[in-house]
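Chemist: So the sequence shown is residues 882 to 1380, counted in our numbering.
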Amino acid sequence: MTTYTTTPIFYANGEPHLGHVYSGILADIFHRYRRLIGQPNVLITGTDEHGKKIALAAEAHQRDIHSFVDEKAKAFSDLWESFSITPDVFVRTTDVEHKAKIREIWSRLVNKGDIFLGSYSGEYCVACEQFYSERELNNKRCPVHGKEVETVEEATYLFRLENYRQSLLTFYRDNPDFITPRHFQESLIEQLEIGELEDLSVSRVNNSWGVNVPGDVHTVYVWIDALFSYITAIERSGGSQQDIAETVHVLGKDILKFHAIIWPAFLLALDLPLPKKLVVHSWWTIEGKKISKSNPETTVNPRVFSDKLTSDGLRYAFTRQKPLSRDGNVSIVDFIELVNADLANSFANLVKRNNTLIQKHFNGELPKWESILNDDQCKALFETSLEVLNDIRQAYEAFSPYEVTVRCKQLVDDVNSFFHCRQPWLINKGLEHQHVAATCFVVANIVRQVAIAVSPITPELSASVLSEFGEKLDDTCWETLSLDENIRLTSVNSHFKRV
Ligand code: ME8
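#1: If I'm right that VAL1161 touches LEU1205 with Cβ under 8 Å, what's the distance once you round it to whole angstroms?
#2: Between which two residues does the beta strand (DSSP E) carrying LYS1158 extend?
#3: Express the C-alpha separation of ILE1368 and LEU1362 in angstroms, rounding to a whole number.
#4: Looking only at its chain, what residues have a beta carbon closer than 6 Å to the beta carbon of ALA1229, apart from the 5 residues adjacent to it on each side?
#5: Return the chain-ordered list of same chain residues with a C-beta closer than 7 Å to the C-beta of ILE1253, the five sequence neighbours on each side being excluded.
#6: Across the region 1293–1301 and the region 1339–1356, are there enough close Cβ pairs to call them in contact, namely three or more that are closer than 8 Å?
#7: Are VAL1181 and LEU899 close, meaning C-beta to C-beta below 8 Å?
#8: How is the alpha helix (DSSP H) around LEU1219 delimited, first residue to last?
#9: DSSP puts GLU1029 in a beta bridge; with which residues?
#10: Using CA coordinates, which residue listed in THR1113, LEU990, PHE1065, VAL1380 is at the minimum distance from PRO1095?
#11: Less than 6 Å between C-beta atoms, sequence neighbours within five positions excluded: which residues of the same chain meet that for TRP1144?
#12: Hey, out of VAL1007, ASP1188, ARG1234, LEU1190, whose CA is closest to LEU1370's CA?
#13: With ILE966 as the anchor, note down where its alpha helix (DSSP H) starts and where it stops.
#14: Just how far apart, CA to CA, sit PRO1156 and VAL1131?
#15: Closest by CA to ARG915, which one among LYS1241, ASP1365, GLU1360, LEU1190?
#16: Alpha carbon to alpha carbon, how far is GLU1264 from SER1298?
#17: Listed by chain order, which residues have C-beta atoms less than 6 Å from any heavy atom of the ligand ME8?
#18: Look at the alpha carbon of ALA921 and the alpha carbon of MET882, and state the distance between them as a whole number of angstroms.
#19: What residue does the beta strand (DSSP E) around ARG973 start on, and which one ends it?
#20: When the Cα of CYS1023 is compared with those of LEU1073, LEU1039, TYR1005, which residue comes out closest?
#21: Buried or exposed: where does PRO1305 fall if 16 or more other Cβ atoms within 10 Å of its Cβ makes it buried?
#22: Answer with buried or exposed for GLU1349, where buried requires no fewer than 16 other C-beta atoms within 10 angstroms of its C-beta.
#23: Within 10 angstroms of its Cβ, does SER965 collect 16 or more other Cβ (buried), or is it exposed?
#24: If you pair each beta-carbon of the region 994–1009 with each one of the region 1033–1042, do three or more pairs fall below 8 Å?
#25: In this structure, how does DSSP classify HIS898 when only helix, strand and coil are distinguished?
#26: Out of LEU1151, GLY1311, TRP1165, state which residue places its alpha-carbon closest to the alpha-carbon of ASN992.
#27: Between VAL923 and GLU1168, what straight-line distance do the alpha-carbon atoms span, to the nearest angstrom?
#28: So if DSSP puts ILE1167 in a beta bridge, which residue, or which two residues, is it bridged to?
#29: Tell me which residues share the same chain as SER988 and place their Cβ nearer than 7 Å to its Cβ, disregarding the 5 neighbours each side in the sequence.
#30: Just to confirm, are SER1110 and HIS979 a CB contact at a threshold of 8 Å?
#31: Could you give the distance in angstroms between the alpha-carbon of VAL1328 and the alpha-carbon of LEU1262?
#32: Leaving out five residues before and five after ILE1273 in sequence, what residues of the same chain have Cβ atoms less than 7 Å from its Cβ?
#33: Of all the options LEU1148, HIS1316, ASP1135, HIS1064, which has the alpha carbon lying nearest to the alpha carbon of ASN1255?
#34: Evaluate ARG944 with the Cβ neighbour count: other Cβ atoms within 10 Å of its Cβ, from every protein chain shown; 16 or more gives buried, anything less gives exposed.
#35: Rounded C-beta distance between LEU917 and CYS1302? I'm assuming under 8 Å.
#36: Alpha carbons only, please: which of VAL1380, TRP1165, GLN1240 is nearest the one belonging to VAL1211?
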């Protein structure tokens, strides 16, 4: 059965930054992992192009809004390529088919009585495209961007969010692992328990850049427009609306409420199933400031990082530096250190040394598995590696790529210690041939395992290592991981140099 992984769809009001790339990389890692275990998975991403925020940005640049959003959508899709992010569907909220879908959904909600015409007054942040209550604001400023909010009082369509609060609470209590990491779910339950949810304003009258409400001058609230893009994308890939049940949403903690309260409430109102999981990540900061378009000094062009670290290097550093639950500071110096230590010195160097020995002394051919059966040290290391692979798989299943890198690094460290203790390079200085052959065999096998296991995170490095054994990543899957009895070397490449 096909499963789906989504990134948030990003606002097309400016250039993409490292925070966006992080969400894209995480979603791509989960997507690649599913494929690696033989599970068809569709990766969905896209751009959120309607609303006052985008209209104001185009106006500020004195640009025609259509060509402005075209340019921004292209900037995102080009950037994905540079970071080996491989979406199957790129959805834009200005797509004709999406706009038709929003009107259809709107009519269904109106017909059910969940949406009704009323009026609303409150404090609105255009940057967040949402109303805030007085207690959420800091001195009339929004808690996310620190921008001054505007008081808005207007006729609006409203959605009865409160009608779904009890069902949501029951759902969250019955599904304690729906949101990961867990503490995000705990804080959400607290929010739902506090008391009644206000009606949600779901249309705007002072913004014409959006999907028209059928039969009225209002435009549909951008968050309805944005959230339902997931369904447009699923349908475009050949799936049905019911497939939302097979969908994992990756998102930043700033938009948790939209995905954990508003989105499920809409789905319940439409009698659709709820998603499979929300994977929530924290923020990257630069010198302590959240990377954000409203902090221009934090929006360094992400290509500066891939030029320096390589795409795999940034993917690895992002994953290895911190678990999803914690905020982290982006420091190119720290990232370089990490990538050099783990990928270049520890892993690639081991591969190169072992494979060079295999080429030189065994002409690429390795002895068979039986040759190590009497070698307890080799057998023990190999058994350890199988256990670690199991842990790595569990870490992927738990959406914890940080844990994947921790376990991989431990295994590579163990193999390096083994390699140094066995000293296979002394082959011409009195070491038994069999001792060296068994060493090289076991190291080659584990290196191959690590390359496959870490391939969702570092696809290029893994492909390069596997090519030395005459294998392609596409033809390899988790099931072939345990042991390659007939492993042989076909070439020695130079895969990851110090950056
Ligand atoms: O919110 N660190 O779009 P957006 C980590 N269009 N991740 C970050 C980040 C940071 N400093 N800054 C941004 C929107 N992100 C809506 C979403 S979905 C139906 C609609 C990531 O362009 C993070 O995933 O403001 C965050 O949720 C997303 O970018 C917000 O992107």
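Beta carbons: idealized from backbone N, C-alpha and C, even for Gly.
Modeler: The relevant details are as follows:
#1: With a Cβ gap of about 7 Å, VAL1161 and LEU1205 count as contacting.
#2: That run of the beta strand (DSSP E) goes 1158–1162.
#3: 12 Å
#4: HIS1376, PHE1377
#5: CYS1259, LYS1260, ALA1319, PHE1322, VAL1323
#6: no
#7: yes
#8: 1213–1220
#9: Looking at the DSSP assignment, GLU1029 forms a beta bridge with ARG1022.
#10: LEU990
#11: So the list reads LEU1108, once near-sequence residues are dropped.
#12: ARG1234
#13: First-last for ILE966: undefined, no H or E at that position.
#14: 11 Å
#15: GLU1360
#16: 16 Å
#17: PRO889, ILE890, PHE891, TYR892, GLY900, HIS901, TYR903, SER904, ASP929, ALA1107, LEU1108, LEU1132, GLY1133, ASP1135, ILE1136, TRP1164, TRP1165, LYS1171, ILE1172, SER1173
#18: Strictly speaking, residue 921 in this sequence is Pro, with Ala absent from that position. Taking the straight line from one Cα to the other gives about 7 Å.
#19: Start and end: 970–973.
#20: TYR1005
#21: buried
#22: buried
#23: buried
#24: yes
#25: coil
#26: LEU1151
#27: 36 Å
#28: LYS1170
#29: PRO1095
#30: Yes, they are a contact pair.
#31: Here the alpha carbons of LEU1262 and VAL1328 stand approximately 12 Å from one another.
#32: Exclusion of the five residues before and after ILE1273 leaves VAL1285, ARG1288, CYS1289, ALA1334 as the residues of its chain whose Cβ lies within less than 7 Å of its Cβ.
#33: Ranked by Cα distance from ASN1255, the options LEU1148, HIS1316, ASP1135, HIS1064 are led by HIS1316.
#34: exposed
#35: Wrong, their Cβ atoms sit about 32 Å apart, outside the cutoff.
#36: TRP1165
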